[in-house]
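Undergrad:
In our numbering, the protein residues as written are 2 to 290.
1) Going by other Cβ atoms of all chains shown within 10 Å of its Cβ, with 16 needed for buried, is residue 260 buried or exposed?
2) Identify, in the order they occur along the chain, each residue of the same chain with its Cβ nearer than 7 Å to the Cβ of residue 21, setting aside the five sequence neighbours on each side.
3) Just grab the DSSP bridge partners of residue 162 for me.
4) Taking the straight line between their C-alpha atoms, what separation do you get for residue 191 and residue 166?
5) What are the start and end residues of the alpha helix (DSSP H) that includes residue 47?
6) What span of residues does the beta strand (DSSP E) with residue 114 cover, start to end?
7) Flag this pair as touching only if the stretch 138–147 and the stretch 102–111 have three or more C-beta atom pairs under 8 Å; answer yes or no.
8) Let me make sure I understand the geometry here. Which of 178, 123, 12 and 42 has the alpha-carbon closest to that of residue 154?
9) Determine contact between the stretch 87–97 and the stretch 61–77, defined as no fewer than three beta-carbon pairs at a distance below 8 Å.
10) Can you name, in chain order, every residue of its own chain whose Cβ lies under 7 Å from the Cβ of residue 271, other than the five neighbours on each side?
11) For residue 283, which option in 251, 65 and 268 has the closest C-alpha, if you only look at C-alpha atoms?
12) Identify which residue in 277, 173, 45 and 206 has its Cα closest to the Cα of residue 253.
13) Comparing the CB of residue 207 with every heavy atom of the ligand NAP, is any distance shorter than 7 Å?
In C-alpha cells form, the structure reads like this:
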C-alpha cells in the first residue's frame, strides 16, 4: 500500500476542488458566451481533468498526467477552428472587387444535396449566394421581391460559398454594400473573440493544471515505496533536452512578438498564431525544466 504525506494529500485535494470549480465556471461561461466547435472537446477535456485529479488524490495512476491529455485534446480540437481561419479571405473593400450577376429572384431558398447532408442558398441566375459568413443565411429579405429582376454583387471563396454584399431591384437596395460589409466585419470580430476565449478559457487553464500535476507527481516519488511503483532514475539532463528547452523558450518569445504585433496591426490571425505558439512551446519548455 502506498502512504503519502499529509501535505501531498492536501495539495491534491485542493487540486481536485480547483479542477471541479474551474470546469463548472469554464463550461457555463463558455456555453453562454461562445458556442464554438471546441466547446464539445472542452467538456471531454474537463471530465478527463477531474478524473485525473481524483485519481491523484486517492493515489491511483500516479504516472499519468491527465491534465496534459486534456490539453493535447483541446489543441486537436483547435484544428477545426484553425481550418476556418486558414480559408478566410480578406473582406472586399469596394464593389470593384466583387463579381456581378443578374437574375430573377426565386420564390424560396435553393437546396443543394450532398450525400446525407444538404445546404440552403439564395440562388440568383446560376449562382448560389449566402448573406452570412459563419452561419447559414439565405437572404430572407430578398423573397419579398420574388419574380423581379435583381442584380447582386458577391465575393467568391467564403466559408459558406459565395458571399453577397449588395442586392438591387431597380434602384432599390435590398441589401446595400456598406451595411453588409459592416455585418461581415462584426461576424469576423465575434469569430476571433470566440477563438481568443477558447485559447484563454480552456487551453491555458488546462496547461496550468498539467504543470501543477507534473509538479505534484514529482513531489510524490520520494513518498512512495519502491515496491509500489517504478521510480524513475535521476539521469543527467541530455543535450537534446537542453536544446529543446532553449528552442522552446525562443519560440515563446517569438509567440509574444507575434501576439503583440498582431494586436497593434489589428491582425487577428497573427495574434491567434502567437497565442498558439506561446501555449504549445510554453508547455514544452515547462516540461523540460
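A virtual CB, placed ideally from N, CA and C, is assigned to each residue, including glycine.
Just so you know, these numbers come straight off a predicted model, no measurement behind them.
TA: From the atom records:
1) Flag for residue 260 reads buried.
2) Hits under 7 Å: 51.
3) In the DSSP output, where bridge partners are listed per residue, residue 162 has 159.
4) The alpha-carbon of residue 191 is positioned some 19 Å away from that of residue 166.
5) Residues 39–59.
6) Unbroken beta strand (DSSP E) run through residue 114: 111–115.
7) Touching, per the Cβ criterion.
8) When only C-alpha atoms are compared, the closest one is 178.
9) Counting Cβ pairs under 8 Å, fewer than three are found: no touch.
10) Here residue 271 has 259, 262 and 263 as same chain residues with Cβ atoms under 7 Å from its own Cβ, once five neighbours each way along the sequence are excluded.
11) If we check each option's Cα against that of residue 283, 251 comes out closest.
12) Closest by alpha carbon: 277.
13) The ligand NAP is not among the ligands present in this structure, which contains no ligands whatsoever.
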